[in-house]
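K.L.:
In the numbering used here, the protein residues as written are 25 to 275.
Before anything else, here's the structure in question.
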Amino acid sequence: MTSVIALEDVWLKLGATPVLSGLSLTLEPGEVLALLGPSGAGKTTVVRLILGFIAPERGSVRLNGAVASADGRVLQLPEERNLAVVLQELALWPHLTVAGNLAFGLEARGMPRAVREARIADMTRRVGLAGKEDRRPAHLSGGERQRVAIARALVLDPQAVLFDEPLTNLDVSLKRELLALVHGLLKERGVSALYVTHEPREAVYVGDRIAVVGDGRVVQTGTLDVIRASPANEFVRRLLNDLDWSGVAAT
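Laid out in structure tokens, this is it:
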């Protein structure tokens, strides 16, 4: 089976600073892969590489088996990659309504109005925003804005969604609620997703597999049970050590 996304021996420096040092990972069809690591480990750089905003100096990025970027060249433009992203900053269009934010990408793809409106109605219902389609982001709560960002990504029906620390700075109860929403929608729709986080609990909750990244490379990849039973090194053990395992279930 061909991986939806594959990074193969990727190396990258920003200025004189090494950011990625031989990083490799794969995202399989229908899988949620949690990319877990501390701040500065290179996680957001991985997202930018996959989106096609930058190219690896060495190594390659493949999408469904085709080389999208390699050895300093972007071979497939970002708008050609059929990917969606949910960022920490959300990046909603402030002058557009909820429906307008969801419609933006669909209009860019030339989707007929009737199909577009049906998709938007279905997605706003699924994320709990039915009846709020005409509101602008400034008139929504923080949790509702998060739901708009999630809906805007999923309404495109992309081949994969990239989540880059989407729930940072939220309170615990809201974070738990939105994690359950994200996990449920991804599994219901069979969407492949890369979920980037520095929080072990988020990675454990949402990921089918976890890829632990440190010093610019993937240190260990596996299911929660495998990593817990046999951490690759002290860095991995310490990363998961502070997590209260009571009430944490592998997905």
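Where a beta carbon is used, it is the ideal one built from N, C-alpha and C, also for glycine.
(1) Ignore the nearest five residues each way along the sequence and tell me which others in Leu-111's own chain have a CB closer than 6 Å to its CB.
(2) Taking the beta strand (DSSP E) that Ala-79 belongs to, which residues open and close that run?
(3) How close, in whole Å, do the beta carbons of Ala-108 and Pro-190 come, if the pair is a contact with beta carbons under 8 Å?
(4) Using DSSP with H/G/I as helix, E/B as strand and the rest coil, what is Thr-247?
(5) Among the residues of its own chain, which have a CB less than 7 Å from the CB of Ala-30, if the five just before and after it don't count?
(6) Please classify Ala-173 as buried or exposed, where buried requires at least 16 neighbouring CB atoms within 10 angstroms.
(7) Can you tell me the Cβ-Cβ gap for Leu-218 and Arg-169, rounded? I've got them flagged as a contact below 8 Å.
(8) Does Glu-32 come out as helix, strand or coil in the three-state DSSP assignment?
(9) Among Leu-73, Ala-154, Val-122, Leu-38, which has the Cα closest to the Cα of Ser-48?
(10) Can you look up Arg-176 in the DSSP assignment and give me helix, strand or coil?
(11) Mind checking whether Arg-159 and Val-98 have CB atoms under 8 Å apart?
(12) DSSP has Met-87 in a bridge; who is on the other side?
(13) Thr-192 by DSSP, collapsed to three states: which one?
(14) Tell me, please, whether the segment 238-247 touches the segment 211-226 by the rule of three or more beta-carbon pairs shorter than 8 Å.
(15) Given a threshold of 16 other Cβ atoms within 10 Å of its Cβ, counted over all protein chains shown, does Met-147 qualify as buried or as exposed?
(16) Going by DSSP, what residue range makes up the beta strand (DSSP E) through Leu-44?
(17) Go to Thr-68, then tell me how far its alpha helix (DSSP H) extends in each direction, as first and last residue.
P.N.:
Based on what the coordinates show:
(1) The count along the sequence shown starts at 1 and reaches residue 111 at position 87. Cβ neighbours of Leu-111 beyond the five flanking positions: Asp-188.
(2) Locating residue 79 in the sequence shown gives position 55, counting from the first residue. DSSP places Ala-79 outside any beta strand (DSSP E), giving it a letter other than H or E.
(3) Against the sequence shown, residue 108 aligns to sequence position 84. Against the sequence shown, residue 190 aligns to sequence position 166. With 8 Å as the limit, Ala-108 and Pro-190 do not qualify as a contact, their Cβ atoms being about 12 Å apart.
(4) Indexing the sequence shown from 1 puts residue 247 at position 223. Collapsing the DSSP output to three states places Thr-247 in coil.
(5) Position 6 of the sequence shown holds residue 30. The residues are Thr-50, Arg-86.
(6) What you label residue 173 is simply residue 149 of the sequence shown in a count that begins at 1. Ala-173 comes out buried.
(7) Against the sequence shown, residue 218 aligns to sequence position 194. Against the sequence shown, residue 169 aligns to sequence position 145. At roughly 22 Å, the Cβ-Cβ gap does not stay under 8 Å, so Leu-218 and Arg-169 are not in contact.
(8) For the purposes of this step, residue 32 is taken as residue 8 along the sequence shown, with counting starting at 1. Three-state DSSP puts Glu-32 in a strand.
(9) Taking the first residue of the sequence shown as 1, we reach residue 48 at position 24. Here the closest residue by C-alpha is Leu-73.
(10) As a working note, residue 176 is residue 152 in the sequence shown. Helix.
(11) Residue numbering aside, residue 159 sits at position 135 when the sequence shown is read from its first letter. Residue numbering aside, residue 98 sits at position 74 when the sequence shown is read from its first letter. No, these two residues do not count as a Cβ contact at 8 Å.
(12) Within the sequence shown, residue 87 is the residue found at index 63, counting from 1. For clarity, residue 87 is Leu in the given sequence; the question names Met instead. Ile-29, Ala-90.
(13) Taking the first residue of the sequence shown as 1, we reach residue 192 at position 168. In the structure shown, Thr-192 sits in coil (DSSP, three-state: anything other than H, G, I, E or B).
(14) Not touching, per the Cβ criterion.
(15) Within the sequence shown, numbered from 1, the residue matching residue 147 stands at position 123. It counts as buried.
(16) Mapped onto the sequence shown, residue 44 falls at position 20. Taken as a continuous stretch (DSSP letters only), the beta strand (DSSP E) holding Leu-44 covers 41-51.
(17) To locate residue 68, count along the sequence shown from 1; it is residue 44. Looking at the DSSP string, the run of the alpha helix (DSSP H) that includes Thr-68 is 67-75.
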